[in-house]
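Reading through the structure tokens given below for one structure.
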Amino acid sequence: MAPRTPRTPLPRDRPEEAVRLTLLSQAGELLAGTLDRRRLAALASQLIVPRLADWVALYPPAADHSIVSSSWSPEHLWHREERKLDALAAALADWHPPTGEDGHVPGSGSGRWPVQVASPYGQALPIPLAARGVSLGTLVLGGPGKGGFAGATLPLLMELAGRISGALDNARQYAEQVEIVRGLQRSLLPPSLPTVDGLDIGVVYEAASNSDGVHVGGDFYDVFPISRKVWGFAVGDVCGTGPEAAALTGLARHSLRLLAREGRSPVTVVERLNQAVLEEGELAGDAGRFITLLYGEVEPRPDGSAQLVLVCAGHPLPLVLRQDGSVRAAANPQPLLGVLPDPTLYAEDVELGAGEVLLVYTDGASERRNGRQMLGDEGVAAALAGCSGMTAPGVVARVRQAVADFGSSGTRDDLALLALRAYKG
Numbered sequence: 001m002a003p004r005t006p007r008t009p010l011p012r013d014r015p016e017e018a019v020r021l022t023l024l025s026q027a028g029e030l031l032a033g034t035l036d037r038r039r040l041a042a043l044a045s046q047l048i049v050p051r052l053a054d055w056v057a058l059y060p061p062a063a064d065h066s067i068v069s070s071s072w073s074p075e076h077l078w079h080r081e082e083r084k085l086d087a088l089a090a091a092l093a094d095w096h097p098p099t100g101e102d103g104h105v106p107g108s109g110s111g112r113w114p115v116q117v118a119s120p121y122g123q124a125l126p127i128p129l130a131a132r133g134v135s136l137g138t139l140v141l142g143g144p145g146k147g148g149f150a151g152a153t154l155p156l157l158m159e160l161a162g163r164i165s166g167a168l169d170n171a172r173q174y175a176e177q178v179e180i181v182r183g184l185q186r187s188l189l190p191p192s193l194p195t196v197d198g199l200d201i202g203v204v205y206e207a208a209s210n211s212d213g214v215h216v217g218g219d220f221y222d223v224f225p226i227s228r229k230v231w232g233f234a235v236g237d238v239c240g241t242g243p244e245a246a247a248l249t250g251l252a253r254h255s256l257r258l259l260a261r262e263g264r265s266p267v268t269v270v271e272r273l274n275q276a277v278l279e280e281g282e283l284a285g286d287a288g289r290f291i292t293l294l295y296g297e298v299e300p301r302p303d304g305s306a307q308l309v310l311v312c313a314g315h316p317l318p319l320v321l322r323q324d325g326s327v328r329a330a331a332n333p334q335p336l337l338g339v340l341p342d343p344t345l346y347a348e349d350v351e352l353g354a355g356e357v358l359l360v361y362t363d364g365a366s367e368r369r370n371g372r373q374m375l376g377d378e379g380v381a382a383a384l385a386g387c388s389g390m391t392a393p394g395v396v397a398r399v400r401q402a403v404a405d406f407g408s409s410g411t412r413d414d415l416a417l418l419a420l421r422a423y424k425g
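So for the sequence shown, UniProt numbering puts the first residue at 1; every next one is plus one.
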């Protein structure tokens with residue numbers, strides 16, 4: 001049995017050391033609970049005010065992350081007396097904490113941080129926040145009282161500033177990762193929807209709300225021209241998330257566009273994509289990659305109708321809303337992609353009359369849960385049935401709201417909705 005590591009008792013004979021250890025412990029627990037810079041600023045304020053200072057101000061770093069802040073206004077303020085916040089904000093509105101790029105306070109000789117300075121609101125202590133050579137802003141503490149900060153307090157403040165710097169650095173890295181992922185996600189979706197005479201188009205795309213923000217979702221959609229009169233469209237769901245899903249999503253979107261514009265039939269387009277998915281899995285040593293896909297081609301007609309050809313490969317069945325308000329499945333289930341080398345695939349013809357709607361969705365809609373209940377395809381169909389006379393954007397907005405209203409918790413899966421409504425232009 002491994003020996004138990006003894007816990008270090010709080011030094012009862014040194015109360016100031018006990019206070020220091022308690023505060024630093026609280027700081028570690030509180031600051032580890034979020035990766036949001038604004039929340040971290042608020043938590044840091046609660047740790048410092050009123051125990052160590054009368055007020056606190058956090059200034060953001062410059063765009064190039066130099067020591068000197070780019071803003072003359074603090075991004076966060078807190079005062080021990082909330083009624084004095086407005087006066088504090090007014091006093092600091094045109095004041096910039098004196099800092100130097102080398103960590104010196106200008107005019108303070110060779111003294112290193114922290115050095116107390118005069119501010120429009122009394123004595124202040126500017127402390128640069130940095131981690132791994134990256135500036136994270138400037139923390140300015142005010143007070144306490146007229147005498148400023150006692151020398152014995154400064155080491156504790158510097159330790160606390162170190163904890164705050166570490167937390168802000170984690171938040172910075174997380175924000176950068178989220179922005180990279182969002183950029184990648186945007187690159188996997190069309191930047192905008194095309195304008196098509198005789199065809200109204202509506203789209204909703206939402207990433208899973210329980211995602212940590214640094215994973216690319218697996219759902220995708222696309223609408224693109226094939227010829228002067230024919231347009232291709234697709235809604236798919238790639239197994240998994242992250243870089244592998246992103247690579248497969250990119251492969252699917254670009255393959256569909258390329259193959260369709262070569263003049264291949266819808267079935268051949270999907271068959272070739274299936275081969276590409278299988279080959280990608282073999283090269284990566286991962287045979288578990290697959291895609292569910294609804295691929296279609298649509299040709300609007302002068303009378304306001306539209307002729308569609310659909311291939312539904314393992315995807316939730318698309319739905320048609322007829323002029324009389326009835327809803328029916330527009331295709332039959334076929335094998336998903338990336339599993340079988342030679343799946344039996346076939347095209348299905350669908351005609352939309354003027355004002356009729358085709359709705360394509362991912363399982364983020366049909367598998368929405370409320371406890372043990374699931375919305376299901378029937379629930380999606382019921383939502384669509386209430387959309388007679390609506391535009392395509394109105395249809396996807398109504399269905400999205402029905403999905404959201406069904407469950408009280410956030411969506412556990414990505415959600416993609418695509419509606420096509422035929423009309424006479």
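Yeah, the Cβ is synthetic: ideal placement off N, Cα and C, and Gly gets one too.
Small disclaimer: the values here were computed from a predicted structure and weren't measured.
- Per DSSP, Ala-53 has no beta bridge partner at all.
- In the displayed model, Phe-290 falls within coil according to three-state DSSP, outside both helix and strand.
- The DSSP-derived three-state label of Arg-369 is strand.
- Ranked by how close their Cα comes to the Cα of Ala-365, the residues Ser-388, Val-339, Arg-400, Gly-162 have Arg-400 in first place.
- For the pair Val-235 and Val-311, the CB atoms are not nearer than the 7 Å cut-off.
- Here Ala-329 is bridged, per DSSP, to Leu-319.
- Counting along the chain, no beta strand (DSSP E) covers Leu-345, and no H or E run does either.
- When DSSP states are grouped into helix, strand and coil, Ser-227 belongs to the coil group.
- In the DSSP assignment, Trp-95 is bridged to no other residue.
- The residue from Gln-46, Pro-97, Leu-52 with its alpha-carbon nearest to that of Arg-20 is Leu-52.
- If you look at Leu-43, you'll find it in the alpha helix (DSSP H) that goes 37–48.
- Per DSSP, Glu-378 lies in no beta strand (DSSP E) segment; the continuous alpha helix (DSSP H) that holds it begins and ends at 376–385.
- Residue environment analysis places Asn-370 among the exposed positions, since fewer than 16 neighbouring C-beta atoms fall within 10 angstroms of its C-beta.
- Sixteen is the threshold: since fewer than 16 other Cβ atoms of the shown chains lie within 10 Å of the Cβ of Arg-38, the residue is exposed.
- Per DSSP, reduced to three states, the secondary structure at Arg-421 is strand.
- For the pair Gly-133 and Ser-265, the Cα-to-Cα distance works out to about 57 Å.
- Between the alpha carbons of Arg-368 and Asp-405 lies a distance of about 10 Å.
- Pairing Gly-250 with Gln-373, the inter-Cα distance amounts to about 34 Å.
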